[in-house]
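Colleague: Here my numbering runs 29 ahead of the position in the sequence shown, where the first position is 1.
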Amino acid sequence: MKFDVITIFPEMVEDYKKISIIARAHAKKLIQIKAHNLRKWTTDSHQTVDDRPYGGGFGMVLKADVMIKAIKSVTGKTKSKKTKVILLTPAGKVFTQNEAKKLAKSDRLIFVSGRYEGFDERISSFVDEEYSIGDYVLMGGELPALVMIETISRFVPGVVGKSESVAGDTFSKDGKNANILEYPQYTRPEVLKIGKKTMKVPKVLLSGNHAEIEIWRADQALNKTKKVRPDLINKEL
Ligand code: ADE
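#1: Please identify the residue among 98, 176 and 158 whose C-alpha is closest to the C-alpha of residue 67.
#2: For residue 138, count neighbouring C-beta atoms within 10 Å of its own C-beta (all shown protein chains included) and say buried if the count is 16 or more, exposed if not.
#3: When the Cα of residue 168 is compared with those of 44, 90, 31 and 65, which residue comes out closest?
#4: Please go through the same chain and pick out, in chain order, the residues whose beta-carbon is closer than 8 Å to the beta-carbon of residue 217, but skip the five residues on each side of it.
#5: Report the rounded CA-to-CA distance for residue 58 versus residue 231, giving the unit in angstroms.
#6: Who are the Cβ neighbours of residue 166 in its own chain at under 6 Å, not counting the five residues just before and after it?
#7: Look at the alpha carbon of residue 84 and the alpha carbon of residue 116, and state the distance between them as a whole number of angstroms.
#8: Pull up the CB-CB distance for residue 251 and residue 209, whole angstroms please, since I reckon it's below 8 Å.
#9: Answer with buried or exposed for residue 47, where buried requires no fewer than 16 other C-beta atoms within 10 angstroms of its C-beta.
#10: Hey, would you say the C-beta of residue 118 is under 7 Å away from at least one heavy atom of the ligand ADE?
#11: Note down the Cα distance separating residue 144 from residue 185, rounded to an integer number of angstroms.
#12: Using the DSSP secondary-structure output, state which residues sit across from residue 160 in a beta bridge.
#13: When the distance is taken between beta carbons, is residue 42 closer than 8 Å to residue 64?
#14: Residues in the same chain with beta-carbon distance under 7 Å from residue 102, minus the five sequence neighbours each way, listed in chain order, please.
#15: First and last residue of the alpha helix (DSSP H) that includes residue 216?
#16: DSSP has residue 113 in a bridge; who is on the other side?
#17: Please classify residue 254: does DSSP put it in a helix, a strand, or coil?
#18: With C-beta atoms as the reference, is residue 80 less than 8 Å away from residue 114?
#19: Excluding the 5 residues flanking residue 221 on each side, which residues of the same chain have their C-beta closer than 8 Å to its C-beta?
#20: Compare the Cα-Cα distances from residue 195 to each of 159, 215, 257 and 127 and report the closest residue.
#21: DSSP on residue 36, reduced to helix/strand/coil?
#22: Is the beta carbon of residue 67 within less than 7 Å of some heavy atom of the ligand ADE?
#23: Counting only the same chain and skipping the five closest in sequence on each side, list residues whose C-beta sits under 8 Å from that of residue 160.
#24: Given the structure, does residue 251 come close to the ligand ADE, in the sense that its CB is under 7 Å from one of the ligand's heavy atoms?
Laid out in structure tokens, this is it:
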């Protein structure tokens, strides 16, 4: 699986690539992440990537000519059906676990990341999909691109330990935990003393009774979901 990110901050992507599970997956060639500096496709001495909006208004807008050149160059002469160009924008379709699973069927994803106030709309006809990672506004598309890369990479065989740990995840449409949050987990020590507080691991987890543990976990997960994310209970994922 190949990921390309077109950005004016390639170092954000390059730094991320060096860390933990993503670095290992990269070293094993299960995934490949490449950052492309948008300024490479500018032609003026100031390497201008943005300009003022027609019609007036605040902020600067990413120029279509530079970005379209970048998209075409990164994509290459022939574009396979399994390559998708994705624009990151708060005005896009909301990215979810199921969208990640669908996108994981691609061979190559090219992320188009902007900074500033927005894009020249004419960029849209050169992208296949527009995604938002949630209803909030960031400074740019770099973090959304990395969020999507990390989520999608978890579906690439071999990237995370056991494949069932992805299939059973919360928010996976066909996972057994689809509409439910994770149950609480504990590890050693059994008794934890922090200042005046003493916190014990629930007894049932020490009982060795797997049937009871399973019931307890299901109960905890349901209660947590009702409390924190009641909207999930009857939601069609
Ligand atoms: N750029 C700025 N905010 C964003 C968001 N929430 N999702 C995707 N791209 C963005």
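We treat Cβ as the ideally placed atom computed from N, Cα and C, and that holds for glycine.
Modeller: Quick look at the numbers:
#1: Locating residue 67 in the sequence shown gives position 38, where the first residue counts as 1. Cα-wise, what sits closest to residue 67 is 98.
#2: Residue 138 sits at position 109 when you count from the first residue of the sequence shown. With 16 or more other CB atoms across the displayed protein chains lying within 10 angstroms of its CB, residue 138 is buried.
#3: For the purposes of this step, residue 168 is taken as residue 139 along the sequence shown, with counting starting at 1. Cα-wise, what sits closest to residue 168 is 90.
#4: Residue 217 sits at position 188 when you count from the first residue of the sequence shown. Apart from sequence neighbours up to five positions away, no residue of its chain approaches residue 217 with a beta-carbon distance below 8 Å.
#5: As a position in the sequence shown, residue 58 is number 29, starting the count at 1. As a position in the sequence shown, residue 231 is number 202, starting the count at 1. When rounded, the distance between both Cα atoms is 42 Å.
#6: The residue you call residue 166 lines up with position 137 of the sequence shown. Result list for residue 166: 119, in chain order.
#7: Within the sequence shown, numbered from 1, the residue matching residue 84 stands at position 55. Within the sequence shown, numbered from 1, the residue matching residue 116 stands at position 87. Residue 84 and residue 116 have their C-alpha atoms roughly 24 Å apart.
#8: Within the sequence shown, the letter at position 222 stands for residue 251. Within the sequence shown, the letter at position 180 stands for residue 209. Indeed, because the Cβ distance is near 6 Å, the residues count as touching under 8 Å.
#9: As a first step, residue 47 is located in the sequence shown; it is residue number 18 there, counting from the start. Counting Cβ neighbours within 10 Å, residue 47 comes out exposed, since fewer than 16 surround it.
#10: Position 89 of the sequence shown, counted from the start, is the residue given in the question as residue 118. Checking every heavy atom of the ligand ADE against the Cβ of residue 118, one is found closer than 7 Å.
#11: Your numbering for residue 144 matches position 115 in the sequence shown. Your numbering for residue 185 matches position 156 in the sequence shown. Taking C-alpha positions only, residue 144 is separated from residue 185 by approximately 29 Å.
#12: Here residue 160 refers to the residue found at position 131 of the sequence shown. In the DSSP assignment, the residues bridged to residue 160 are 122.
#13: To locate residue 64, count along the sequence shown from 1; it is residue 35. To locate residue 42, count along the sequence shown from 1; it is residue 13. Their beta carbons are under 8 Å apart, which means residue 64 touches residue 42 by this criterion.
#14: Position 73 of the sequence shown, counted from the first residue, corresponds to residue 102. So the list reads 70, once near-sequence residues are dropped.
#15: For this step, residue 216 is matched to residue 187 along the sequence shown. Residue 216: not part of any alpha helix (DSSP H); DSSP gives it neither H nor E.
#16: Your numbering for residue 113 matches position 84 in the sequence shown. Bridge pairing for residue 113: 138 [DSSP].
#17: Position 225 of the sequence shown, counted from the first residue, corresponds to residue 254. Of the three classes helix, strand and coil, the one that applies to residue 254 here is helix, per DSSP.
#18: Taking the first residue of the sequence shown as position 1, residue 80 is located at position 51. Taking the first residue of the sequence shown as position 1, residue 114 is located at position 85. No, the pair does not count as a contact, with Cβ atoms beyond the cut-off.
#19: By one-based count along the sequence shown, residue 221 stands at place 192. Only 227, 228 and 229 meet the Cβ criterion.
#20: Position 166 of the sequence shown, counting from 1, holds the residue named residue 195. Selected option, being the one with the closest Cα: 127.
#21: As a position in the sequence shown, residue 36 is number 7, starting the count at 1. Under the three-state reduction of DSSP output, residue 36 falls in the strand class.
#22: Within the sequence shown, numbered from 1, the residue matching residue 67 stands at position 38. Not one heavy atom of the ligand ADE is found less than 7 Å from the C-beta of residue 67.
#23: As a first step, residue 160 is located in the sequence shown; it is residue number 131 there, counting from the start. Here the set comprises 115, 116, 117, 118, 121, 122, 123, 124, 128, 173 and 177.
#24: Looking up residue 251 in the sequence shown gives position 222. Answer for residue 251: no, Cβ out of range of the ligand ADE.
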